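One gets my numbering by counting positions in the sequence shown from 1 and adding 1 to each.
Let me begin by presenting the structure, written as structure tokens, before commenting on it.
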Amino acid sequence: MPVVVTDVVPNWVGALDVVYAFTADPGDDELAVSLDRAVRYGATVVLTAPPEGPVAAAVAGRGLLISPQLRGAIPESFPCALITGLLTVSGLNLLPVDVDLVADQLDAEAERNHLGHESFVNPAKSLALRWAERTPLLWGLDPVAAAVAGYGAHALAADAAVVADAAEYRHAVTRVALHRAVVNEHTGSSIFADPEEEAQDGVVPRIRLLLVAIRTDAAASVVRRSAHEVLPEAEVLDMADELGVAEPALAAVLALRMEMAALYLGLASGTVGGRYHSVQA
């Protein structure tokens, strides 16, 4: 079954097609128009979006609208979009997903990252500390990892007002000046360097590279070897051995870890929930 990923529904959509759409913007007129066209042409439409506005109205009574139920200072649309998307692709036999397992893994990750846990047992706090006062570069070693990296960059901007770069590694290397800066910074630093001591001396790296890995197939292995040859000291965030679960659960847990790290940065800087002192180490 062919799968098309696009920002709006194509003009050729028809009665044999299933459309899954997600947006956090209830007023996205372009998406609303394309969804209206999809339902008029007989396509099955599953939409995750706020319950009011042009987007929701476009499929009202003609498609399945699932809206986030959590309300608060921070709009939490990701959990709803994630579970709806997984159920949709699983129902179409595009990707086998154990939704209960994904939920259990997300619960366990949230517990690991509890505010009361110190950074050496709290992966999200540890990640936040590594990102603090840096410009994070989140480069995915495979397409799934790149998508998770993109979500991490979004969370950093939304929760901590931190600008981050997210890209698939094979695309990142084509941005010659930035890639050269990353290589120079990593090859010029010692593996025994103390970040806190360097900060006291006024030597704070401008950027923080994190290579993100999800898939373990042959293509992903080739990219990982290529990245290691050029950046042997770069940190690789790979939880496959740690969790031992399928790719959908790995991607979901990693996305949650990045989001919680962004929230900790936001709490520390005052961009989330008012101004606080630095995150407890």
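Ideal Cβ placement from N, Cα and C applies to all residues, glycine included.
Note that this is a predicted model, so its numbers are computed, not measured.
Next item on the list: With DSSP as the reference, label residue 42 as helix, strand or coil.
Entry: Note: residue 42 maps to coil in three-state DSSP.
Next item on the list: Reducing DSSP to helix, strand and coil, say where residue 22 ends up.
Entry: Residue 22 falls in the strand class under three-state DSSP.
Next item on the list: Mind checking who residue 140 pairs with in its DSSP beta bridge?
Entry: The partner list for residue 140 (beta bridge, DSSP) reads 168, 212.
Check: Looking only at C-alpha atoms, which of 234, 16, 25 sits nearest to residue 42?
Finding: The candidate whose alpha carbon is nearest that of residue 42 is 16.
Note to self: Alpha carbons only, please: which of 118, 125, 234, 220 is nearest the one belonging to residue 265?
What the structure shows: Comparing alpha-carbon positions, the option among 118, 125, 234, 220 lying closest to residue 265 turns out to be 125.
Margin query: Suppose you measure from the CA of residue 137 to the CA of residue 63; what does that come to, to the nearest Å?
Written below: Rounded to whole angstroms, residue 137 to residue 63 spans 42 Å at the Cα level.
Check: Which one or two residues does DSSP pair with residue 65 in a beta bridge?
Finding: Residue 65 pairs with 47.
Next item on the list: Report the option in 6, 260, 11 whose CA atom is closest to the CA atom of residue 158.
Entry: For residue 158, the nearest C-alpha among the options comes from 260.
Next item on the list: Measure the CB-CB distance between residue 19 and residue 10 and report whether it falls below 8 Å.
Entry: Taking 8 Å as the Cβ cut-off, residue 19 and residue 10 do not qualify as a contacting pair.
Notebook entry, point to check: What is the DSSP secondary structure of residue 9, reduced to helix, strand or coil?
Noted result: Three-state DSSP puts residue 9 in coil, outside helix and strand.
Notebook entry, point to check: What is the residue span of the alpha helix (DSSP H) that residue 186 lies within?
Noted result: Per DSSP, residue 186 is one residue of the alpha helix (DSSP H) stretching across 177 to 188.
Next item on the list: Could you tell me whether the segment 224 to 238 touches the segment 173 to 190, where touching means 3 or more Cβ pairs closer than 8 Å?
Entry: Yes: at least three Cβ pairs fall under 8 Å.
Note to self: Can you confirm whether the segment 109 to 116 touches the segment 129 to 149 when touching is taken to mean that 3 or more C-beta pairs between the two stretches lie within less than 8 Å?
What the structure shows: With a cut-off of 8 Å, the segment 109 to 116 and the segment 129 to 149 do not count as touching, because too few Cβ pairs lie within range.
Check: Is the CB-CB distance between residue 59 and residue 26 below 8 Å?
Finding: Going by C-beta atoms, residue 59 is not nearer than 8 Å to residue 26.
Notebook entry, point to check: Looking only at its own chain, which residues have a Cβ that is under 8 Å from the Cβ of residue 40, when we skip the five neighbours before and after it?
Noted result: Excluding sequence neighbours, residue 40 sits near 46, 59, 60, 63, 64.
Check: Which of the three DSSP states, helix, strand or coil, is assigned to residue 236?
Finding: Reduced to three states, the DSSP call for residue 236 is strand.
Check: For residue 283, which three-state DSSP category applies?
Finding: Only positions 2 to 282 of the chain appear in the structure, and residue 283 is not among them; the question remains open.
Note to self: With a threshold of 6 Å on Cβ separation, who are the neighbours of residue 127 within its own chain once the five nearest residues in sequence on each side are excluded?
What the structure shows: So the qualifying residues of the chain are 120.
Note to self: At the level of alpha carbons, what is the spacing between residue 103 and residue 96?
What the structure shows: Roughly 13 Å separates the two Cα atoms.
Next item on the list: Determine the closest residue to residue 337 out of 53, 51, 57, 52, with distance taken between C-alpha atoms.
Entry: Because the chain here runs from 2 to 282, residue 337 falls outside it and cannot be looked at.
Next item on the list: Between the Cα of residue 255 and those of 5, 28, 51, 83, spot the shortest distance and give me the residue it belongs to.
Entry: Residue nearest to residue 255 within the set 5, 28, 51, 83 is 83 (criterion: CA-CA distance).
Next item on the list: My understanding is that residue 55 touches residue 30, with C-beta atoms under 8 Å, so please give their C-beta distance in whole angstroms.
Entry: Rounded, the Cβ-Cβ distance is 6 Å, consistent with contact.
Check: Looking at the C-beta of residue 39, does it have a partner C-beta in chain C at a distance below 8 Å?
Finding: Within the model displayed, chain C is absent; a lone protein chain is all it includes.
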